[in-house]
Amino acid sequence: MGKRKFKAEVQQLLHLVIHSLYTKKEIAIRELISNASDALDRARYEALTNSELIGADEELRIRILPDPEKRQLVIWDNGIGMDAEELEKHLGTIANSGTKRFLESLSQNGASDQAEFIGQFGVGFYAAFMLAQRVTVRTKRRGGDGQAWLWSSEGEGNYVIEETHKDEFGTEICLELREGLDEYLEDWKLQKVVKQYSDFIAYPIYLRKKVKDEKGEEEK
């Protein structure tokens, strides 16, 4: 499918997010975990009418995988995944009014006050660019044709969608962190973010070890 251009409203949103002075950049992680949870919910829902969609012994879960050497942070889930059309719809053109409504909210109330509420407008994924100079998404859809897809962008107006290889169903989002944000590769910081913002998530969240199980209890 190759390189594509973001719609003008998405480009405007990305510019505001990337250059925002909003200090709570950890909301990017909150939004990606929330999206992962939604993908797991969708897998469960579709499995109600397709019993083969999820393996009998398969645990639906979220993983947070920091790589300090590469300065990368990966948010992984084994949820429903996306095909090429869904990638284009959700991460490219944004065929809904969320982008416009969020931009209107920013212009009326100020970015510093409204950035935290980006998820309420259905465009929380783009908060990833608060942390990342480049975002890469690899995904394979459950119940699809078996083809995996890659979406990548530096948030500068263009994005790429192309075929890739992925063994497992679900989605992994790799953030190549901006300079000065290495604390988001530290276990203590990630644990703090999960406990502060994502304690309501109904699925286990793992950070090399488990951060939170389904009952909200920690495991060492």
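Be aware that the sequence shown starts at 0, since it is given in numbering that gives the first Met the number 0, and climbs by one per residue. For glycine and all other residues, C-beta sits at the position ideal for the given N, C-alpha and C. On a predicted model such as this, the values are computed, not experimentally measured, just so you know.
The region 122-137 / the region 15-27 touching (three or more Cβ pairs under 8 Å): Note that the region 122-137 touches the region 15-27; at least 3 beta-carbon pairs, one per stretch, sit closer than 8 Å.
Straight-line gap, LEU149 to VAL136 (C-alpha atoms, nearest Å): Within the sequence shown, residue 149 is the residue found at index 150, counting from 1. Within the sequence shown, residue 136 is the residue found at index 137, counting from 1. The straight-line gap from Cα to Cα measures roughly 6 Å.
Here's the rule: buried if 16 or more other CB atoms are within 10 angstroms of the residue's CB, otherwise exposed. What is ALA94? Walking along the sequence shown from the start, residue 94 turns up at place 95. At ALA94 the pLDDT is 41, less than 50, meaning the model places this residue with poor confidence; the figure from the coordinates comes in the next sentence. ALA94 is exposed by the Cβ-count criterion.
GLU30: buried (16+ other C-beta within 10 angstroms of its C-beta) or exposed? As a first step, residue 30 must be located in the sequence shown, where it is residue number 31. The residue is buried, with at least 16 neighbouring Cβ atoms inside 10 Å.
How is the beta strand (DSSP E) around VAL159 delimited, first residue to last? Within the sequence shown, the letter at position 160 stands for residue 159. Here the beta strand (DSSP E) through VAL159 covers 157-163.
Excluding the five sequence neighbours on either side, which residues of its own chain have a C-beta within less than 7 Å of the C-beta of GLN146, listed in chain order? To locate residue 146, count along the sequence shown from 1; it is residue 147. Counting only Cβ-Cβ distances below 7 Å, and skipping sequence neighbours, we find GLU162.
Can you tell me whether GLU87 is buried or exposed? The criterion is at least 16 other CB atoms within 10 Å of its CB, across all chains shown. Counting from 1 along the sequence shown, the entry for residue 87 is found at position 88. Classification of GLU87: buried, given that the 10 Å Cβ count is 16 or more.
Residue from GLU178, TYR205, VAL192 and LEU206 with nearest C-alpha to LYS69: For the purposes of this step, residue 69 is taken as residue 70 along the sequence shown, with counting starting at 1. Looking at the Cα atoms, GLU178 is the closest of the given residues.
Let's see if you can read the secondary structure: which residues bound the alpha helix (DSSP H) around ARG41? Against the sequence shown, residue 41 aligns to sequence position 42. Judged by DSSP secondary structure, ARG41 falls within the alpha helix (DSSP H) whose first and last residues are 26-46.
Rounded to whole angstroms, what is the Cα-Cα separation between LEU206 and ARG62? Translated into the one-based positions of the sequence shown, residue 206 becomes position 207. Translated into the one-based positions of the sequence shown, residue 62 becomes position 63. Distance between the alpha carbons of LEU206 and ARG62 is about 6 Å.
Using DSSP with H/G/I as helix, E/B as strand and the rest coil, what is ILE17? For the purposes of this step, residue 17 is taken as the residue at position 18 of the sequence shown. DSSP places ILE17 within a helical segment (H, G or I) once states are collapsed to three.
Note down the Cα distance separating ALA7 from GLY80, rounded to an integer number of angstroms. As a first step, residue 7 is located in the sequence shown; it is residue number 8 there, counting from the start. As a first step, residue 80 is located in the sequence shown; it is residue number 81 there, counting from the start. Going from the Cα of ALA7 to the Cα of GLY80 covers about 26 Å.
Is it right to say ASP76 is buried, meaning 16 or more other beta carbons lie within 10 angstroms of its own, or is it exposed? Taking the sequence shown and counting its residues from 1, the one referred to as residue 76 is at position 77. Residue environment for ASP76: buried (at least 16 other C-beta atoms within 10 angstroms of its C-beta).
Can you give the Cα-Cα distance for GLU171 and GLU103, rounded to whole angstroms? Position 172 of the sequence shown holds residue 171. Position 104 of the sequence shown holds residue 103. In a straight line, the C-alpha of GLU171 is about 30 Å away from that of GLU103.
Start and end of the alpha helix (DSSP H) containing ALA127? By one-based count along the sequence shown, residue 127 stands at place 128. Note, ALA127: alpha helix (DSSP H), 127-130.
Distance, TYR183 Cα to LEU189 Cα: Walking along the sequence shown from the start, residue 189 turns up at place 190. Walking along the sequence shown from the start, residue 183 turns up at place 184. TYR183 has its alpha-carbon roughly 6 Å from the corresponding atom of LEU189.
Of the residues LEU12, LEU180, THR138 and GLN132, which one's Cα is nearest the Cα of HIS164? One-based indexing of the sequence shown puts residue 164 at position 165. Among LEU12, LEU180, THR138 and GLN132, the Cα nearest to that of HIS164 is on THR138.
LEU64 lies in the alpha helix (DSSP H); which residues open and close that run? Mapped onto the sequence shown, residue 64 falls at position 65. Membership of LEU64 in any alpha helix (DSSP H) is not indicated; the residue belongs instead to the beta strand (DSSP E) covering 61-66.
Give the range of the beta strand (DSSP E) segment to which GLN146 is assigned. As a working note, residue 146 is residue 147 in the sequence shown. No beta strand (DSSP E) contains GLN146, which DSSP labels as neither H nor E.
Through-space distance from ILE28 to LEU130, alpha-carbon basis: Mapped onto the sequence shown, residue 130 falls at position 131. Mapped onto the sequence shown, residue 28 falls at position 29. When rounded, the distance between both Cα atoms is 9 Å.
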